Structures are given as structure tokens and as C-alpha cells.
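Numbering (full-length UniProt numbering), first residue to last: 1 to 132. Ideal Cβ positions, reconstructed from N, Cα and C, are used throughout, including at glycine. Source: prediction; values computed, not measured. A quick write-up on the structure given underneath.
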């Protein structure tokens, strides 16, 4: 019975991770709300869950390790989310993460100059709210 509950739980986490990422991409690409760098970083735990969970579903002996990794991944995601919320509410000042272009790490000098001249999305400016 416990095995069935674990499989059900891990499947629900997988489905929720997929749905959450699809909603984020819908808001970004269909509704046209550009994410800040922290918004992009907040997607990483869901992507990691989508990558890690099939291992737990396919091999029972890795199930506990997968649950442990998922717990750590989502704990880190929660900390990042609270930090982002703190920046939005001006409890914290924006960090270097908020002002650094994340898209292309290997930029030439000219490309870097163009990136710096672009309007960067501030982590404290909320462009889309779901609940209040």
C-alpha cells in the first residue's frame, strides 16, 4: 500500500511540475509578460523534478533518494521564492542576480554591450499577479 501511495505522490508532483512550467511559459510567451532573472531561476526546481522523477518511477530502489532530492530541490525553490517576494515587497534590495543577463554566458564584447543597453526586467517590478 505504501508503494502505491509513493508512486501516486511522485506522479502528482511530476504532473504539477509540468503544469506549473506550462503556465509559466504561457504567461511569458502567449500573454507577453517578460520574466525577471529570479522568475527564470524559480523554474529550475520544476525542471529538475521533471528530469529526476522518471528515475524514481522506473526503479523502486531509487525512490527514497528521489524523494530526498525532491525535498531539497523544492526547499531551495521555496527559499528563492521567499527571497524574490522579499525583493518585490522591498524587504531586501535587488541583488546581482536581478541585474545580470542570464540568457547567453558566452557573449562577445559587442553582444555584451547590446545586452547591457537592453531594458532589463527588475525583480521588484511585478508584471503579472495571479492572487492579489
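- What are the boundary residues of the alpha helix (DSSP H) that residue 31 is part of? Taking the first residue of the chain shown as position 1, residue 31 is located at position 31. Element bounds for residue 31: n/a, residue is neither H nor E.
- Candidates 111, 109, 77, 86: which alpha carbon is nearest residue 40's? Translated into the one-based positions of the chain shown, residue 40 becomes position 40. Residue 77 is the option with its Cα nearest to residue 40.
- Query: Do the segment 42-61 and the segment 11-21 touch if we need at least three Cβ pairs shorter than 8 Å?
  - Reply: A contact is defined here as three or more CB-CB pairs under 8 Å, and the segment 42-61 meets this definition with respect to the segment 11-21.
- Message: Taking 6 Å as the cut-off, is the C-beta of residue 16 nearer than that to any heavy atom in the ligand SAH?
- Response: The ligand content of the structure shown is nil, which means the ligand SAH is not present either.
- Message: So the candidates are 125, 90, 60, 111; which of them puts its Cα closest to the Cα of residue 10?
- Response: Counted from its first residue, the chain shown places residue 10 at position 10. Looking at the Cα atoms, 60 is the closest of the given residues.
- Message: If you reduce the DSSP assignment to three classes, tell me which class residue 16 lands in.
- Response: Along the chain shown, one-based indexing puts residue 16 at 16. It is helical.
- If we count the other Cβ atoms within 10 Å of its Cβ and call it buried at 16 or more, is residue 55 buried or exposed? As a first step, residue 55 is located in the chain shown; it is residue number 55 there, counting from the start. Label assigned to residue 55: exposed.
- Query: What did DSSP end up calling residue 121 once you bin it into helix, strand or coil?
  - Reply: Taking the first residue of the chain shown as position 1, residue 121 is located at position 121. In this structure, residue 121 counts as coil in the three-state DSSP scheme.
- Item | alpha helix (DSSP H) segment containing residue 37, residue limits | For the purposes of this step, residue 37 is identified with residue 37 of the chain shown, where counting begins at 1. First-last of the alpha helix (DSSP H) with residue 37: 37-41.
- Query: Looking at the unbroken alpha helix (DSSP H) that takes in residue 88, where does it start and where does it end?
  - Reply: Taking the first residue of the chain shown as 1, we reach residue 88 at position 88. For residue 88, the enclosing alpha helix (DSSP H) starts and ends at 63-88.
- Message: To the nearest angstrom, how far is the alpha carbon of residue 8 from that of residue 110?
- Response: By 1-based counting over the chain shown, the position of residue 8 is 8. By 1-based counting over the chain shown, the position of residue 110 is 110. Taking C-alpha positions only, residue 8 is separated from residue 110 by approximately 51 Å.
- Sequence-distant residues of its chain with Cβ nearer than 6 Å to residue 69 (five each side left out): Along the chain shown, read from residue 1 onward, the residue named residue 69 stands at position 69. Exclusion of the five residues before and after residue 69 leaves 52 as the residues of its chain whose Cβ lies within less than 6 Å of its Cβ.
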